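Engineer: One structure coming up, written as structure tokens, with questions to follow.
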Amino acid sequence: MPVERSQDRVILRHPKGATAEILLYGATVISWKSGSKEIAEPLERFFVSSKAALDGTKPVRGGIPVVFPCFGAPTHPEHVRLAQHGFARSEIWSFGSIVMDNEAGVSVRLTLESTPSIQEKFSKPFELAYVVTLAEHQISTDLHVKNVGLSTTGPLEFQALLHNYIRAPSREVSITPLQGVSYYDKTEATEELKATAKVENRLEVDVKRTTDFVYENAPGSYKISWPTGVVEIRTKNFPNVVVWNPQETGANIADMEPKGWEKYVCVEPGYVRGFAKLEAGESWVGQQVITIIQ
Ligand SMILES: O=P(O)(O)OC[C@H]1O[C@@H](O)[C@H](O)[C@@H](O)[C@@H]1O
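Counting from 45, one number per residue, gives the positions in the sequence shown under my numbering.
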């Protein structure tokens, strides 16, 4: 069966050998095994910490956590009761449907609607759908957000981000093309410095030191390269990208495996500077396509 369902997850199997595994908890893609044009053998392409909880007790440290409706600590008055990165990554989503099941792609749709416990911390009516599509050397994930409220409930204001943990030797990766793009450096010591825009002057961005940068008007397509690999991420409707790797400070993260930060770089397309705004009945879709080039 190309789409296998169990109580807590969905497994996609592409006829050419690629697989993807999605937990209903957070709609978190926790594994993507894909070959490349040169090497047919499907290899794991995401990092998941060996200390990550996969039982729904905390957001998964790896794969693709879905960040919604706030990125980082909440800053919007309607988000104040939410945890860092919001609730989408820590709620149980429902299996919606198989969207497609052929050689072009094996695709499923998961959904998340508000519940009484979500309403206690976030009162705005919303509906989320997440479509994950597996192709031969490619995975795409599309996040659909809809304001299902009435005009009397006001607009839905949110941030959204796909927190990709790309498996790669972090001391050897470079990310392009970000030269000339302005960014905010979350590793700065003061709020004032964190809020001061800098301009990226590097042709190739690396994460050899602790990096937590939010690029503002980002180009939307990124190449992550290292001596033996190249991964491309193409996006739509995500004007920002976050590049994060804690290096040695990752030892302070409880669910990070020893030296886990050496095994990945997070390249996270998002809408995280300011807020997207949907009036009653309106929808928004943010998309990414991740391709193994080499
Ligand atoms: O530990 P969390 O909540 O999963 O967040 C991990 C990181 O996620 C990144 O997106 C943020 O920019 C970082 O500041 C943060 O440390």
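Built from N, CA and C at the ideal position, the CB exists for glycine as well.
All values derive from a computational prediction rather than experimental measurement.
Which residues in the same chain as HIS207 place their Cβ atom closer than 7 Å to its Cβ, once the five residues preceding and following it in sequence are excluded?
Structural biologist: If we look at HIS207 and ignore the five residues flanking it on each side, its Cβ neighbours are ILE108, PRO109, VAL111, CYS310, GLU312.
Engineer: Confirm, please, whether the CB-CB distance from LYS230 to ASP256 is below 8 Å.
Structural biologist: Result yes, Cβ atoms of ASP256 and LYS230 sit closer than 8 Å.
Engineer: Helix, strand or coil for GLY330? Go by DSSP, reduced to three states.
Structural biologist: Note: GLY330 maps to strand in three-state DSSP.
Engineer: Looking at ALA212: is its Cβ nearer than 8 Å to the Cβ of GLY273?
Structural biologist: The answer is yes: Cβ separation under 8 Å.
Engineer: According to DSSP, simplified to helix, strand and coil, what is PRO313?
Structural biologist: Three-state DSSP puts PRO313 in a strand.
Engineer: Can you tell me which of MET144, VAL286, LEU222, ALA320 puts its alpha carbon nearest to the alpha carbon of VAL175?
Structural biologist: Comparing Cα-Cα distances from VAL175 to each of MET144, VAL286, LEU222, ALA320, the minimum goes to MET144.
Engineer: Could you check where the beta strand (DSSP E) with LYS267 kicks off and where it finishes?
Structural biologist: 265-270 is the extent of the beta strand (DSSP E) around LYS267.
Engineer: Could you tell me which uninterrupted beta strand (DSSP E) segments, each at least 3 residues in length, are contained entirely in the stretch 118-185, listed from first to last along the chain?
Structural biologist: Qualifying beta strand (DSSP E) stretches, in chain order: 138-146, 149-157, 171-179.
Engineer: Would you mind giving the Cβ-Cβ distance between SER226 and LYS242, rounded to the nearest angstrom? I have them listed as a contact below 8 Å.
Structural biologist: That belief holds up - the Cβ atoms of SER226 and LYS242 are roughly 7 Å apart, short of 8 Å.
Engineer: Between the stretch 87-107 and the stretch 60-74, do at least 3 Cβ pairs fall closer than 8 Å?
Structural biologist: Yes: at least three Cβ pairs fall under 8 Å.
Engineer: PRO169: which of ALA179, PRO160, GLY193, LEU187 sits nearest, CA to CA?
Structural biologist: Measuring from the Cα of PRO169, the nearest candidate turns out to be GLY193.
Engineer: Tell me where the beta strand (DSSP E) around LYS280 begins and ends.
Structural biologist: Residues 273-280.
Engineer: If I measure Cβ to Cβ from ARG153 and keep anything under 6 Å in the same chain, skipping five residues before and after, which residues do I get?
Structural biologist: Result list for ARG153: GLY140, SER141, VAL143, ALA173, VAL175, in chain order.
Engineer: Tell me where the alpha helix (DSSP H) around LYS238 begins and ends.
Structural biologist: Here the alpha helix (DSSP H) through LYS238 covers 235-238.
Engineer: By the three-class DSSP mapping on this structure, what secondary structure does GLU306 have?
Structural biologist: GLU306: helix per DSSP, three-state reduction.
Engineer: When you measure from the CB of GLY116 to every non-hydrogen atom of ligand 1, does any distance come out below 7 Å?
Structural biologist: Yes.
Engineer: Taking the beta strand (DSSP E) that PHE202 belongs to, which residues open and close that run?
Structural biologist: First-last of the beta strand (DSSP E) with PHE202: 200-206.
Engineer: Tell whether a beta-carbon distance below 8 Å holds between ILE336 and HIS120.
Structural biologist: No; because the gap between Cβ atoms is not below 8 Å, this pair is not in contact.
Engineer: Which partner residues of HIS188 appear in the DSSP bridge assignment?
Structural biologist: ALA173, VAL329.
Engineer: Rank ALA84, GLU88, HIS123, SER184 by C-alpha distance to the C-alpha of TRP76 and give the top, closest one.
Structural biologist: With distances taken between Cα atoms, TRP76 lies closest to GLU88.
Engineer: Taking only the alpha-carbon atoms, compute the straight-line gap between PHE202 and TYR259 and give it to the nearest angstrom.
Structural biologist: Going from the Cα of PHE202 to the Cα of TYR259 covers about 18 Å.
Engineer: What is the DSSP secondary structure of THR196, counted as helix, strand or coil?
Structural biologist: Helix at THR196.
Engineer: Where DSSP assigns a beta bridge to VAL285, which residues make up the other side?
Structural biologist: Paired residues: TYR259, PRO313.
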